[in-house]
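Engineer: This is the structure I have questions about; it appears just below.
Protein chains: 2
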Amino acid sequence: MKSDAELVAELIANSVTIATVESCTGGLIAHRITEVAGSSATFWGSWVTYDNQAKIALGVSADTLKKYGAVSREVATEMARAGWDKVRAAQTAPNSPLIVIATTGIAGPSGGTETKPVGLCWLAVARSPDDIETRRIQAPRELNRSQTKLYFSNAALELPLKRS
Amino acid sequence: MKSDAELVAELIANSVTIATVESCTGGLIAHRITEVAGSSATFWGSWVTYDNQAKIALGVSADTLKKYGAVSREVATEMARAGWDKVRAAQTAPNSPLIVIATTGIAGPSGGTETKPVGLCWLAVARSPDDIETRRIQAPRELNRSQTKLYFSNAALELPLKRS
Numbered sequence: 240m241k242s243d244a245e246l247v248a249e250l251i252a253n254s255v256t257i258a259t260v261e262s263c264t265g266g267l268i269a270h271r272i273t274e275v276a277g278s279s280a281t282f283w284g285s286w287v288t289y290d291n292q293a294k295i296a297l298g299v300s301a302d303t304l305k306k307y308g309a310v311s312r313e314v315a316t317e318m319a320r321a322g323w324d325k326v327r328a329a330q331t332a333p334n335s336p337l338i339v340i341a342t343t344g345i346a347g348p349s350g351g352t353e354t355k356p357v358g359l360c361w362l363a364v365a366r367s368p369d370d371i372e373t374r375r376i377q378a379p380r381e382l383n384r385s386q387t388k389l390y391f392s393n394a395a396l397e398l399p400l401k402r403s
Numbered sequence: 240m241k242s243d244a245e246l247v248a249e250l251i252a253n254s255v256t257i258a259t260v261e262s263c264t265g266g267l268i269a270h271r272i273t274e275v276a277g278s279s280a281t282f283w284g285s286w287v288t289y290d291n292q293a294k295i296a297l298g299v300s301a302d303t304l305k306k307y308g309a310v311s312r313e314v315a316t317e318m319a320r321a322g323w324d325k326v327r328a329a330q331t332a333p334n335s336p337l338i339v340i341a342t343t344g345i346a347g348p349s350g351g352t353e354t355k356p357v358g359l360c361w362l363a364v365a366r367s368p369d370d371i372e373t374r375r376i377q378a379p380r381e382l383n384r385s386q387t388k389l390y391f392s393n394a395a396l397e398l399p400l401k402r403s
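Order-wise, the sequence lines are chains D and E.
Position one of the first sequence corresponds to residue 240 (the working numbering), numbered consecutively onward.
Position one of the second sequence corresponds to residue 240 (the working numbering), numbered consecutively onward.
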């Protein structure tokens, strides 16, 4: 796995703008990216949409949240899509590649159910409104909350360069 | 200084909703709050407005950015105000206390100037549109980027309960 500094360097070398929409990771991905000096050359920013109303304010459909629940492929997709649209609309030079990563999951220790256990996370990565990949991951149950957030963020940070 | 868990417990006990608008801390404050299990009872979410265009998209005036620079009392105030307004507008039960913390500063190692050196940070805490406190802090110069972000976040997390 690449280090965060290697990831940031590669994003900058490819003129990529990156942003995140984080629920279960709670800002950790943004924090990790901004730990790297010079990351402002690639990092736009983040929405940490922890409360469901924050997800709706960003652009996630209340119907989708109700129908599938916050921790779902559908909501992850809409989070990434909404973030992508907002960044693109606000960019002054909207020609370079734009990648938006979204996370929604259950960091625990409570909040799990039989079908959606603690450690479940849906990731989405949007490269355009029509190109949004999703991935379902499950953190090992022996991890605590902090370790689970880290596990989610590691998986998320592997996505941007998968295809570049 | 209170631990993050003590802060979160106190915010919950006081029915406070908290949100952050972070530039120089890059999501670290949100990350620290969400490390605490149960923080979803008080934490709304965060805008990590790293790029200046992200600040403008949130509601900071382009004129203010140009006139005072991103690292200024005026921009910190507008960040906190814009975040406060956005959360309040989106809340379904907008009666409880709402506190929004904003940070804008220079984490380094580059980006400093004679009048705005590395380690300078403006904090703002909004309790209402008419009640926004600001504070100028200067991190010790011997701190590295990561330590400087942590120093900023420590100072920011002291603010919410100052008057409660």
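Glycine included, every Cβ here is placed at the ideal spot set by N, Cα and C.
Look at ALA309 of chain E and ALA341 of chain E and say whether their C-beta atoms are less than 7 Å apart.
Structural biologist: For the purposes of this step, residue 309 of chain E is identified with residue 70 of the second sequence, where counting begins at 1. For the purposes of this step, residue 341 of chain E is identified with residue 102 of the second sequence, where counting begins at 1. In this structure, ALA341 of chain E does not lie closer than 7 Å to ALA309 of chain E by Cβ.
Engineer: Can you check which of these residues, D:ARG384, D:ASN291 and D:TRP286, is closest to ALA305 of chain D by C-alpha distance?
Structural biologist: The residue given as residue 305 of chain D occupies position 66 in the first sequence. Position check: residue 305 of chain D holds Lys in this sequence, whereas Ala was assumed. Nearest of D:ARG384, D:ASN291 and D:TRP286 to LYS305 of chain D, Cα basis: D:ASN291.
Engineer: Compute the Euclidean distance between the alpha carbons of ALA319 of chain D and ALA346 of chain E, then round it to the nearest angstrom.
Structural biologist: For the purposes of this step, residue 319 of chain D is taken as the residue at position 80 of the first sequence. For the purposes of this step, residue 346 of chain E is taken as the residue at position 107 of the second sequence. Their backbone Cα atoms lie some 28 Å apart in a straight line.
Engineer: Report the option in D:VAL287, D:GLU397, D:THR264 and D:LYS355 whose CA atom is closest to the CA atom of ARG380 of chain D.
Structural biologist: Here the question's residue 380 of chain D lines up with position 141 in the first sequence. Ranking the options by Cα distance to ARG380 of chain D, first place goes to D:LYS355.
Engineer: Starting from ARG384 of chain D, find everything on chain E with Cβ-Cβ shorter than 8 Å and list it in chain order.
Structural biologist: In the first sequence, counting from the first residue as 1, residue 384 of chain D sits at position 145. Ordered by position in chain E, the residues that pass the 8 Å Cβ test against ARG384 of chain D are GLU274 and ALA276.
Engineer: Consider the Cβ of PRO348 of chain D: report whether some Cβ of chain E lies at a distance smaller than 7 Å.
Structural biologist: Locating residue 348 of chain D in the first sequence gives position 109, counting from the first residue. Yes - at least one Cβ of chain E is within 7 Å of the one on PRO348 of chain D.
Engineer: Whole beta strand (DSSP E) runs in the segment 279-308 of chain E with 3 or more residues, listed along the chain?
Structural biologist: Runs of the beta strand (DSSP E) inside the segment 279-308 of chain E: 282-288.
Engineer: Listed in chain order, which residues of the segment 364-380 of chain E have Cβ atoms closer than 7 Å to some Cβ of chain D?
Structural biologist: Correct list: empty, as no residue qualifies.
Engineer: So, using beta-carbon positions, are VAL287 of chain E and SER385 of chain D closer together than 7 Å?
Structural biologist: As a position in the second sequence, residue 287 of chain E is number 48, starting the count at 1. As a position in the first sequence, residue 385 of chain D is number 146, starting the count at 1. Not in contact: VAL287 of chain E and SER385 of chain D (Cβ atoms no closer than 7 Å).
Engineer: Could you tell me whether any Cβ in chain D is nearer than 7 Å to the Cβ of GLU245 of chain E?
Structural biologist: By 1-based counting over the second sequence, the position of residue 245 of chain E is 6. No - not a single Cβ of chain D is within 7 Å of the one on GLU245 of chain E.
Engineer: Out of D:SER300, D:ALA321 and D:ILE268, state which residue places its alpha-carbon closest to the alpha-carbon of ASP370 of chain D.
Structural biologist: Here residue 370 of chain D refers to the residue found at position 131 when the first sequence is read from its first residue. Closest by alpha carbon: D:ALA321.
Engineer: Let's test the definition: count the other Cβ atoms within 10 Å of the Cβ of ALA328 of chain D and tell me whether it reaches 16, buried, or not, exposed.
Structural biologist: Here residue 328 of chain D refers to the residue found at position 89 when the first sequence is read from its first residue. Exposed.
Engineer: To which residues of the same chain is GLY298 of chain D closer than 6 Å at the C-beta, ignoring the five residues directly before and after it?
Structural biologist: Working through the first sequence from its first residue, we reach residue 298 of chain D at position 59. Closer than 6 Å at Cβ, skipping near neighbours: ALA321.
Engineer: What does DSSP give as the partner residue(s) for VAL339 of chain D in the beta ladder?
Structural biologist: Here residue 339 of chain D refers to the residue found at position 100 of the first sequence. D:ALA258 and D:ALA365, per the DSSP bridge assignment.
Engineer: Mapping the DSSP letters down to three states, classify ILE251 of chain D as helix, strand or coil.
Structural biologist: Looking up residue 251 of chain D in the first sequence gives position 12. Looking at ILE251 of chain D - three-state DSSP - the assignment turns out to be helix.
Engineer: Count the other CB atoms, across all protein chains shown, that sit within 10 Å of the CB of SER392 of chain E; report buried if there are 16 or more and exposed otherwise.
Structural biologist: Here the question's residue 392 of chain E lines up with position 153 in the second sequence. Its Cβ being crowded by 16 or more others within 10 Å, SER392 of chain E is buried.
Engineer: For chain D, find out if any of its Cβ atoms is closer than 7 Å to the Cβ of ASP290 of chain E; answer yes or no.
Structural biologist: As a first step, residue 290 of chain E is located in the second sequence; it is residue number 51 there, counting from the start. Output row for ASP290 of chain E: interface = yes.
Engineer: What's the call for SER349 of chain E, buried or exposed, on a 16-neighbour Cβ count within 10 Å?
Structural biologist: Counting from one through the second sequence, the residue named residue 349 of chain E turns up at place 110. SER349 of chain E comes out exposed.
Engineer: Leaving out the 5 sequence neighbours to the left and right, which residues in its chain are closer than 7 Å to SER403 of chain E when beta-carbon positions are compared?
Structural biologist: For the purposes of this step, residue 403 of chain E is taken as residue 164 along the second sequence, with counting starting at 1. Here SER403 of chain E scores only 46 on pLDDT, less than 50, and its place in the model should not be relied on; the value that follows carries that caveat. ASN253.
Engineer: Specify, as a first and last residue, the run of the alpha helix (DSSP H) that ARG375 of chain D falls within.
Structural biologist: Taking the first sequence and counting its residues from 1, one reaches residue 375 of chain D at position 136. Taken as a continuous stretch (DSSP letters only), ARG375 of chain D belongs to no alpha helix (DSSP H), being part of the beta strand (DSSP E) at 370-377.
Engineer: Let's test the definition: count the other Cβ atoms within 10 Å of the Cβ of LEU250 of chain E and tell me whether it reaches 16, buried, or not, exposed.
Structural biologist: For the purposes of this step, residue 250 of chain E is taken as the residue at position 11 of the second sequence. The residue is buried, with at least 16 neighbouring Cβ atoms inside 10 Å.
Engineer: Taking only beta-carbon atoms, is PHE391 of chain E less than 7 Å away from chain D?
Structural biologist: Within the second sequence, residue 391 of chain E is the residue found at index 152, counting from 1. No, PHE391 of chain E does not count as interfacial toward chain D.
Engineer: Could you run through the segment 303-322 of chain D and flag, in chain order, every residue whose CB is less than 8 Å away from some CB of chain E?
Structural biologist: So nothing in the stretch comes that close.
Engineer: Check each candidate in D:TYR390, D:ILE376, D:ASN383 and D:VAL260 and name the one with the smallest Cα separation from GLU317 of chain D.
Structural biologist: Translated into positions along the first sequence, residue 317 of chain D becomes position 78. That would be D:VAL260, whose Cα lies nearest to the Cα of GLU317 of chain D.
Engineer: Please report the distance separating the alpha-carbon of LEU246 of chain D from that of ALA363 of chain D.
Structural biologist: If you number the first sequence from 1, residue 246 of chain D lands on position 7. If you number the first sequence from 1, residue 363 of chain D lands on position 124. Using only the alpha carbons, I get a separation of about 18 Å.
Engineer: Can you name the residues that DSSP bridges to GLY322 of chain E?
Structural biologist: Looking up residue 322 of chain E in the second sequence gives position 83. DSSP lists no partner for GLY322 of chain E.
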